Amino acid sequence: MTEEFDVIIIGAGPAGLFCAANLAGLRVCILEKMNLPGRKLLLSGSGQCNITHAGSMSDYAAHFGEASHAAFLKPALRALSNTDLLAFFEARGMTFETTDAGKVFPTSRSADDVLDTLLDACDAAGVEIFYEERAESVSAVDGRFFVQTAYAKYSAPCLLIAAGGSSYPKTGSSGDGVRLSEMLGHSVVPPKEALTPVYAENFRLADLSGLSFENVSLTIWRDGKKIGANTNDLLITRFGFSGPCVLDASRSMQAGDVLKISFTQLSAEAVDALLVERCRTEGGRLVSNLLYGLGVPDRLVKVLTADAGIAEDTKGSQLSGSSRKALVRLLTSYEVKIARLGDFSISMATAGGVSLSEVNKKTCESKIHAGLFFAGEVLDIDGDTGGYNLQAAFSTAYLAAQRMKTLCA
Ligand SMILES: Cc1cc2nc3c(=O)[nH]c(=O)nc-3n(C[C@H](O)[C@H](O)[C@H](O)COP(=O)(O)OP(=O)(O)OC[C@H]3O[C@@H](n4cnc5c(N)ncnc54)[C@H](O)[C@@H]3O)c2cc1C
């Protein structure tokens, strides 16, 4: 027997739940393959849920990689801005706070509260959620969509694929969304890890694992050409680098690329001039003590001084020009070659997904099948860290809901 609905939603993540919550009055079901909803949402922001980013929506464009991706998102972000999103949750009793960096979190710092609010809103809208009900195949026949699970068949004139990307597969998002979309004739940009750390070849800073830096500049080089740059906070890990500076730029990186990192905000010329001056005026001090005020931790200075071939007891007055230049280069252009990027088990987002060229950006509806919609990470969209991915999921889901209401009226 086929169960009939107005709208079928595949995936009870933020996109699926938010779309459903905005469809009161329609008969809506969500099919969720896990035994619980929003598993990835619960991990977001280390369990605190960085739900969105503050500031003007026009600033969002710079945080979704390719310009065409930001252009696709524009109508969705206009339809449901960061303040609109927060108003939805505030109307249901939640409060929020914004960090100096513009990240917005629930005041309770609890992703559970965000999920509970979404579930309550779905409940109030009369949404039926079926757990452990994995969509195995989808088809479109005579203006209706059919979804087959292991136990039942569902049919509706509107279908939303909100099954997420491929990262953190244990949360349920393991690439089904693109497979189901392909079954309905949609093309897919091959999924690739995004927001993922870098594993460096012959990494020499492993002992400094845990050390973090504010506002570090990084450039990415491939075959001798600069292909990208970023400035943000950086973290040294046991295997290489992480932190927003690397995570946000990782969508443009691949194994074999060279990263050049400046650990100080001063230029190479400025650091060199400063060292020359301090060697002259404070030449009796150890070289490792002459780099004060640059914001570079002593532990890193010691490692880089040794790497530059400068003996621990070398004084400023004894520093040769070539050693000084080697030290300045390590401080302002520390080079590592990427051995590999973190795989889907640790990447926080998925680049690639359902090709945007086949989706109407004003409705998130398929250009191939009327009544078929996509929202959230299943789309070929990936944002920077800072709340951009959740905002994109909520905004695209909202657009889809508005169009479904018109179609089902
Ligand atoms: C560790 C971590 C931390 C993060 N922190 C943040 C943060 O603080 N801020 C931020 O903006 N973003 C964050 N993100 C990214 C953000 O969580 C995702 O972009 C967001 O969850 C995407 O929402 P979605 O609804 O599109 O997909 P998902 O959240 O992945 O939900 C998809 C749902 O579909 C279900 N599903 C999949 N296949 C099927 C199927 N065949 N049948 C039925 N159901 C299916 C899945 O089980 C899942 O419940 C983080 C990600 C990770 C991994």
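In the working numbering, the protein residues as written are 103 to 511.
Idealized CB from N, CA, C, for every residue including glycine.
Since this is a predicted model, take the numbers as computed values, not measurements.
Secondary structure of D186 (DSSP, three-state): helix.
Nearest to V360 by C-alpha distance, out of K328, A193, F190, is K328. Leaving aside the five residues that flank Y436 on each side, the residues in its chain whose CB is nearer than 6 Å to its CB run, in chain order, I363.
Within the segment 395-453, the runs of alpha helix (DSSP H) at least 4 residues long that lie entirely inside it are, in chain order, 400-409, 423-434. Ligand 1 approaches D278 closely enough that one of its heavy atoms is under 7 Å from the residue's Cβ. Spatial neighbours of A351 in its own chain (CB-CB distance under 7 Å, excluding positions within 5 residues in sequence) are listed in chain order as L320, I322, G330, N332. L432 places its beta carbon 8 Å or farther from that of A413. Put simply, the backbone Cα of L138 is about 14 Å away from that of A265. For R246 and K135, the gap between their C-alpha atoms comes out near 22 Å. If you ignore the 5 residues before and after L402, its C-beta comes within less than 7 Å of the C-beta of L310, L313, F365, all in its own chain and listed in chain order. Fully contained in the segment 174-241 are the following alpha helix (DSSP H) runs of length 4 or more, in chain order: 184-192, 213-226. For T219, the Cβ stays outside the 7 Å cut-off from all heavy atoms of ligand 1. Where A302 is concerned, the enclosing beta strand (DSSP E) starts and stops at 300-302. Secondary structure at Q367: coil, using DSSP grouped into helix, strand and coil. Between A511 and the set S457, P259, R306, the nearest pair of CA atoms involves P259. The beta carbons of Q493 and N184 sit closer together than 8 Å. Between G444 and E303, the gap from beta carbon to beta carbon reaches 8 Å or more.
When the alpha-carbon of A428 is set against those of S419, G204, A408, the nearest one is in A408. Three or more beta-carbon pairs separated by less than 8 Å link the segment 208-225 to the segment 142-150, which places the two stretches in contact.
Counting of Cβ neighbours within 10 angstroms places S468 among the buried residues, the total reaching 16 or more. At least one heavy atom of ligand 1 lies closer than 7 Å to the C-beta of V480. Between Y256 and I110, the gap from beta carbon to beta carbon is short of 8 Å. Between H171 and L501, the C-beta spacing is not below 8 Å. According to the DSSP secondary-structure assignment, K272 is paired through a beta bridge with no residue. Residue state for F248 is assigned as strand, using DSSP reduced to three classes. Per DSSP, the beta-bridge partners of A258 are F247. Beyond the five residues adjoining it in sequence on each side, L377 comes within less than 6 Å, by CB distance, of R426 in the same chain, given in chain order. By the Cβ-count criterion, V318 is buried, with 16 or more other Cβ atoms from all chains shown falling within 10 Å of its own Cβ.
Judged by DSSP in its simplified three-state form, D350 adopts helix. Between R382 and D374, the alpha-carbon positions lie close to 12 Å from each other.
Under the three-state reduction of DSSP output, R380 falls in the helix class. No residue range can be given for L125, since it is assigned to no alpha helix (DSSP H) and is classified by DSSP as neither H nor E. In the three-state scheme derived from DSSP, where H, G and I count as helix and E and B as strand, K507 is classed as helix. Within the DSSP bridge table, the entry for A331 names T321 as partners. Within the DSSP bridge table, the entry for A296 names A451 as partners.
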